[in-house]
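S.K.:
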């Protein structure tokens with residue numbers, strides 16, 4: 587493979603004779619060589635392109651309301667709905683999270699998971715501070731939906747949907763990193 591210097595020297599004559607074609611050829615030929623020397627690839631994780639971005643994921647396993655605080659991997663915690671409101675500011679962790687054939691590097695759609703509400707314990711919206719698996723207590727599930735659904739719980743901006751369910755039911759959990767990676 588030619589070195590970057592050899593490519594540049596060859597391209598100088600082309601650029602003088604055919605400026606537009608030469609410049610385009612330079613970009614097309616030199617960029618792959620530069621990528622080899624700079625050690626980057628398009629397939630690298632998004633975290634390298636969004637330094638400091640927080641990661642999130644939906645657990646593959648499911649949990650009752652009293653189990654959910656232990657659902658997230660080390661370095662992650664059960665997410666508040668407000669930490670997830672704008673998923674474009676987050677990086678989905680496909681190594682830890684639930685994925686689908688068409689989810690690519692993003693989160694899975696239409697799969698619900700427990701989320702924190704930010705309310706006080708015993709308010710009836712957080713499985714009694716995530717200590718109850720009683721069908722008499724309720725907790726909040728949230729999911730990214732392709733189409734908005736009728737309001738079932740909290741009014742949330744698209745693309746999120748929410749629903750209160752009893753704490754005896756089992757669901758995935760939304761986890762968010764403690765800090766940016």
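In the numbering used here, the protein residues as written are 587 to 767.
C-beta: ideal position from N, C-alpha, C; glycine also.
1. Figure out for me which residue from 644, 732, 711 and 685 has the closest Cα to the Cα of residue 664.
2. If I'm right that residue 727 touches residue 711 with Cβ under 8 Å, what's the distance once you round it to whole angstroms?
3. Report yes if the C-beta distance between residue 753 and residue 652 is below 9 Å; otherwise report no.
4. Which runs of the alpha helix (DSSP H) spanning at least 4 residues fall entirely within the segment 635-723, listed in chain order?
5. Counting pairs of Cβ atoms below 8 Å between the segment 664-676 and the segment 694-705, do you hit three or more?
6. Spatial neighbours of residue 694 within its chain, please: CB distance less than 7 Å, with the 5 preceding and 5 following residues excluded, ordered by chain position.
7. Would you check if the distance between the CB atom of residue 678 and the CB atom of residue 657 is smaller than 9 Å?
8. Give me, in chain order, the residues of the same chain whose beta-carbon lies closer than 8 Å to that of residue 696; leave out the 5 immediate sequence neighbours on both sides.
9. Return the CA-CA distance between residue 751 and residue 714, expressed in angstroms with no decimal places.
10. In the DSSP assignment, what residue or residues form a beta bridge with residue 732?
11. Considering only their Cβ atoms, is the gap separating residue 762 from residue 682 smaller than 9 Å?
12. Check the Cβ-Cβ distances between residue 645 and every residue of chain D, and say whether any is below 9 Å.
13. Buried or exposed: where does residue 650 fall if 16 or more other Cβ atoms within 10 Å of its Cβ makes it buried?
14. Can you tell which of 672, 689, 724 and 704 has the C-alpha that lies nearest to the C-alpha of residue 756?
15. Quick one, are the C-beta atoms of residue 760 and residue 642 less than 9 Å apart?
16. Pull up the distance between the alpha-carbon of residue 721 and that of residue 660, whole angstroms please.
17. Could you check the C-alpha separation between residue 717 and residue 748 for me, to the nearest Å?
18. If you reduce the DSSP assignment to three classes, tell me which class residue 567 lands in.
19. Under 6 Å Cβ to Cβ from residue 646, same chain only, skipping five residues before and after it: list those, please.
M.R.: Taking the coordinates as given:
1. 644
2. Going by Cβ atoms, the distance from residue 727 to residue 711 rounds to 11 Å, so no, they are not a contact pair.
3. yes
4. 667-670 and 713-716
5. yes
6. 644, 684, 685 and 686
7. no
8. 729, 730, 731 and 732
9. 13 Å
10. For residue 732, which the question treats as bridged, DSSP gives no partner whatsoever.
11. no
12. Annotation note: the requested chain D is absent from the structure, which comprises a single protein chain.
13. buried
14. 724
15. yes
16. 29 Å
17. 21 Å
18. In this structure the chain extends from 587 to 767, so residue 567 is not present and cannot be described.
19. 684
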